[in-house]
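>
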Amino acid sequence: MTEAKSKKVKPDIRAITRLVPPAGNLVQGQSELPIDPQLAKEAADIIAASQNHYGGSEGDAGLRTAVAEKIKKYNGIDIDVDKKPVELMVTTGGTGALIGIAQSYLRGKAALVFEPYYPYHRRIIEEFGGKTEVVEQDDELIFDGDLLLMHCRQLKDRKEFPLSMIIVCSPANPSGKVLTQAELEVIAHVAKELDLLVVSDEVYEHYVMGDTPHTPIAKLPDMWERTITVNSFSKSWNISGWRLGYAYGDSKLLSKVNNAVNVVYVCPVTPLQAALSRVLMSRENYYDELREKFRKKRDFVTNSLAELGFKTYDSGSGFYLWTRIPEGNNDAIKFNEMLMAKAEVAGTPGAAFADSDRWDNYMRICVARKDGILEGAVERIRTALK
546 MTEAKSKKVK PDIRAITRLV PPAGNLVQGQ SELPIDPQLA KEAADIIAAS
596 QNHYGGSEGD AGLRTAVAEK IKKYNGIDID VDKKPVELMV TTGGTGALIG
646 IAQSYLRGKA ALVFEPYYPY HRRIIEEFGG KTEVVEQDDE LIFDGDLLLM
696 HCRQLKDRKE FPLSMIIVCS PANPSGKVLT QAELEVIAHV AKELDLLVVS
746 DEVYEHYVMG DTPHTPIAKL PDMWERTITV NSFSKSWNIS GWRLGYAYGD
796 SKLLSKVNNA VNVVYVCPVT PLQAALSRVL MSRENYYDEL REKFRKKRDF
846 VTNSLAELGF KTYDSGSGFY LWTRIPEGNN DAIKFNEMLM AKAEVAGTPG
896 AAFADSDRWD NYMRICVARK DGILEGAVER IRTALK
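Residue numbering for the sequence shown follows this note's numbering, beginning at 546 and increasing consecutively.
Written out as structure tokens, the structure is:
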């Protein structure tokens, strides 16, 4: 367990993205796949009908109803869309929800993240006056529950930047790790023991494809009243530029977030919400088909990289690969620069997601690309490593 450090020089993900051609971009965590044709048509029709005005800060009523149906079906949680204050809100991407949470709960306080962590979690915490604390995990991405409780207790009791929140990301960005129910129960125990909030980032829930199912921590006993769950449509619907996500939780928690995002964003994008509301639950097998599509992408890239000496973590999900670069290479930043020079391909070096040096020989590979892009990138990597 370490306090977050700020001195380590980290790779700039967006800078790497600008340096590599689109055909070799395995860097940025967004889907490059085409938008659903029906969703595109609905958006065009609604915009043409001039439904382009302000909406409520909590989001479009039709989309909130559809999202509540989705949460009931896939997460087993009942949401009352008519409750006031709200317990479900549409947000300006998952990031918009996180910003509202930080504004509401983290100024002058600390939040805990698990390394390797999503850089935007840390950035948002600190941009809005909070402090980041980092939990290191071992080489198998396992944390020690007893040490977690002890460390959190120490942080909770300090005078400056007392710990108030644990951020959970499952499946995780960058590693793809799906937290087991036992691991979630440990985190829940710590949160209840020390009266901490939990923010659960579940953006990648529909890419779970291993033996460990996705479990929302909000479903665990006595966790609803202390958990805000954040999700997004950016990845699963290939609409990262639309900036649509959602957050749900106890209305007492969420009302502060709704007030905060109202000040910053006023409302999510009105016509695009309406378009998504029409298609979100219209196809019974949409997420099953998505999962199988990504299973093939994950398996192809994992197996191809294994032939080249990469060792990929068995995460149980399929949007990202967390892979150790071939033996004899200990610096993923330099290795990535070599790939850009020789193969015009890049991933994201592990140092971008860590304060410690443990992950310096790892890379995150995003497989949310067309099959031809993945096949060409793998072949160029193969040639570069000969």
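All residues carry an ideal CB built from backbone N, CA and C; glycine is no exception. Computed from a prediction, not measured in an experiment: that's the story for all the values here.
(1) Kindly give me the distance between the Cβ atoms of Ala655 and Gly674, rounded to whole angstroms, as I take these residues to be in contact under 8 Å.
(2) Roughly how many whole angstroms lie between the Cα atoms of Leu835 and His751?
(3) Should Asn776 and Gly638 be called a contact, given that it needs their Cβ atoms to be closer than 8 Å?
(4) Locate the alpha helix (DSSP H) running through Ile592, then write down its first and last residues.
(5) Tell me where the alpha helix (DSSP H) around Leu821 begins and ends.
(6) CB-CB under 8 Å to Pro556, same chain, minus the five flanking residues each way: which ones, in chain order?
(7) Compare the Cα-Cα distances from Ile644 to each of Asp581, Glu920, Ala913, Glu672 and report the closest residue.
(8) Pick out the complete beta strand (DSSP E) segments inside the region 827-875, 3 residues or longer, and give them in chain order.
(9) List the residues that DSSP assigns as beta-bridge partners of Pro894.
(10) Pick out the complete beta strand (DSSP E) segments inside the region 733-790, 3 residues or longer, and give them in chain order.
(11) Is Ala594 near Ser822, with beta carbons less than 8 Å apart?
(12) By Cβ distance below 7 Å, which residues in the same chain neighbour Val753 in space, the five residues on each side in sequence not counted?
(13) Whole angstroms are fine: how far does the CA of Leu866 sit from the CA of Cys911?
(14) With a threshold of 8 Å, are at least 3 pairs of Cβ atoms found where one atom belongs to the region 738-752 and the other to the region 700-719?
(15) Rounded to whole angstroms, what is the Cα-Cα separation between Lys841 and Ala913?
(16) Whose CA, out of Ala727, Ala560, Leu765, Pro761, lies closest to the CA of Lys737?
(17) Mapping the DSSP letters down to three states, classify Pro810 as helix, strand or coil.
(18) DSSP three-state call for Thr640: helix, strand or coil?
(19) Three or more C-beta pairs closer than 8 Å, one from the region 677-692 and one from the region 598-616: is that the case here?
(20) Using a 10 Å radius around the Cβ and a threshold of 16 neighbouring Cβ atoms, would you call Glu837 buried or exposed?
(21) Check whether the Cβ atoms of Ala820 and Ala642 lie closer than 8 Å to each other.
(22) Ala763: which of Ile616, Lys628, Ala585 sits nearest, CA to CA?
(23) Could you compute how far the alpha carbon of Arg652 sits from the alpha carbon of Val631?
(24) Please go through the region 650-711 and give each complete beta strand (DSSP E) segment of 3 or more residues, from N-terminal end onward.
(25) Can you give the Cα-Cα distance for Trp515 and Arg703, rounded to whole angstroms?
(26) Taking Thr757 as the reference, which of Asp859, Gly790, Val658, Val890 has the closest Cα?
(27) Would you tell me roughly how many angstroms separate the C-alpha atoms of Leu919 and Asp767, rounded to the nearest one?
(28) Is the separation between the beta-carbon of Lys801 and that of Ser649 shorter than 8 Å?
(29) Rounded to whole angstroms, what's the CA-CA distance from Tyr832 to Ile784? Just pull it up for me.
(30) Within this structure, are the beta carbons of Gly574 and Asn718 separated by less than 8 Å?
(31) Whose C-alpha, out of Arg563, Met885, Thr815, is nearest the C-alpha of Ile592?
(32) Assign Leu578 to one of three DSSP states: helix, strand, or coil.
(33) In this structure, how does DSSP classify Gly721 when only helix, strand and coil are distinguished?
(34) Return yes when at least one heavy atom of the ligand COA lies under 7 Å from the C-beta of Leu700, else no.
(35) Would DSSP call Ser551 helix, strand or coil?
(36) DSSP beta-bridge partners for Tyr793?
Quick look at the numbers:
(1) Counting from 1 along the sequence shown, the entry for residue 655 is found at position 110. Counting from 1 along the sequence shown, the entry for residue 674 is found at position 129. Incorrect: roughly 11 Å between the Cβ atoms, too far for contact.
(2) Position 290 of the sequence shown, counting from 1, holds the residue named residue 835. Position 206 of the sequence shown, counting from 1, holds the residue named residue 751. Using only the alpha carbons, I get a separation of about 8 Å.
(3) The residue given as residue 776 occupies position 231 in the sequence shown. The residue given as residue 638 occupies position 93 in the sequence shown. No. Outside cutoff.
(4) Position 47 of the sequence shown holds residue 592. Run containing Ile592: 582-593, per the alpha helix (DSSP H) assignment.
(5) Position 276 of the sequence shown, counting from 1, holds the residue named residue 821. Bounds of the alpha helix (DSSP H) holding Leu821 are 815-824.
(6) As a working note, residue 556 is residue 11 in the sequence shown. Closer than 8 Å at the Cβ level, and outside the excluded window around Pro556, lie Ile878, Asn881, Thr893, Pro894, Ala896, Ala897.
(7) Working through the sequence shown from its first residue, we reach residue 644 at position 99. For the residues Asp581, Glu920, Ala913, Glu672, the minimum Cα distance to Ile644 belongs to Glu672.
(8) 865-869
(9) Here residue 894 corresponds to residue number 349 of the sequence shown, with the count starting at 1. Per DSSP, Met908.
(10) Whole beta strand (DSSP E) segments, 3+ residues: 742-746, 772-777.
(11) Here residue 594 is taken as the residue at index 49 of the sequence shown, counted from 1. Here residue 822 is taken as the residue at index 277 of the sequence shown, counted from 1. Not in contact: Ala594 and Ser822 (Cβ atoms no closer than 8 Å).
(12) In the sequence shown, the residue the question calls residue 753 occupies position 208. Contacts found: Pro716, Val723, His759, Gly861, Ser862.
(13) Locating residue 911 in the sequence shown gives position 366, counting from the first residue. Locating residue 866 in the sequence shown gives position 321, counting from the first residue. For Cys911 and Leu866, the distance between alpha carbons rounds to 6 Å.
(14) yes
(15) Residue 841 sits at position 296 when you count from the first residue of the sequence shown. Residue 913 sits at position 368 when you count from the first residue of the sequence shown. Between Lys841 and Ala913, the C-alpha separation is close to 11 Å.
(16) For the purposes of this step, residue 737 is taken as residue 192 along the sequence shown, with counting starting at 1. Ranking Ala727, Ala560, Leu765, Pro761 by CA distance to the CA of Lys737 puts Leu765 first.
(17) Stepping through the sequence shown from its first residue, residue 810 is reached at position 265. The identity of residue 810 in the sequence shown is Tyr, whereas the question assumes Pro. It is helical.
(18) Taking the sequence shown and counting its residues from 1, the one referred to as residue 640 is at position 95. Note: Thr640 maps to helix in three-state DSSP.
(19) no
(20) The sequence position of residue 837 within the sequence shown is 292, counting from 1. Exposed, because fewer than 16 other Cβ atoms sit within 10 Å of the Cβ of Glu837.
(21) Reading the sequence shown from its first residue, position 275 is the one you call residue 820. Reading the sequence shown from its first residue, position 97 is the one you call residue 642. The answer is no: Cβ separation not under 8 Å.
(22) Locating residue 763 in the sequence shown gives position 218, counting from the first residue. Selected option, being the one with the closest Cα: Ile616.
(23) For the purposes of this step, residue 652 is identified with residue 107 of the sequence shown, where counting begins at 1. For the purposes of this step, residue 631 is identified with residue 86 of the sequence shown, where counting begins at 1. Between Arg652 and Val631, the C-alpha separation is close to 23 Å.
(24) 655-659, 676-680
(25) As shown, the chain starts at 546 and ends at 931. That puts residue 515 outside it, with no answer to give.
(26) Locating residue 757 in the sequence shown gives position 212, counting from the first residue. The candidate whose alpha carbon is nearest that of Thr757 is Asp859.
(27) Here residue 919 refers to the residue found at position 374 of the sequence shown. Here residue 767 refers to the residue found at position 222 of the sequence shown. Cα to Cα, Leu919 sits roughly 44 Å from Asp767.
(28) Walking along the sequence shown from the start, residue 801 turns up at place 256. Walking along the sequence shown from the start, residue 649 turns up at place 104. Yes, they are a contact pair.
(29) As a first step, residue 832 must be located in the sequence shown, where it is residue number 287. As a first step, residue 784 must be located in the sequence shown, where it is residue number 239. For Tyr832 and Ile784, the distance between alpha carbons rounds to 15 Å.
(30) In the sequence shown, counting from the first residue as 1, residue 574 sits at position 29. In the sequence shown, counting from the first residue as 1, residue 718 sits at position 173. Against a cut-off of 8 Å, the Cβ pair of Asn718 and Gly574 comes out as a contact.
(31) The residue labelled residue 592 in the question sits at position 47 within the sequence shown. Here the closest residue by C-alpha is Thr815.
(32) Numbered from 1 along the sequence shown, position 33 holds the residue referred to as residue 578. Three-state DSSP puts Leu578 in coil, outside helix and strand.
(33) Numbered from its first residue, the sequence shown carries residue 721 at position 176. Gly721 falls in the coil class under three-state DSSP.
(34) For the structure depicted, the ligand COA is absent and the ligand set is empty, with no information on it obtainable.
(35) In the sequence shown, residue 551 corresponds to position 6, counting from 1. Any reading at Ser551 is ruled out, since the residue's pLDDT is 48, under 50, leaving its predicted position unreliable.
(36) By 1-based counting over the sequence shown, the position of residue 793 is 248. According to DSSP, which records beta bridges pairwise, Tyr793 is partnered with Leu633, Thr774.
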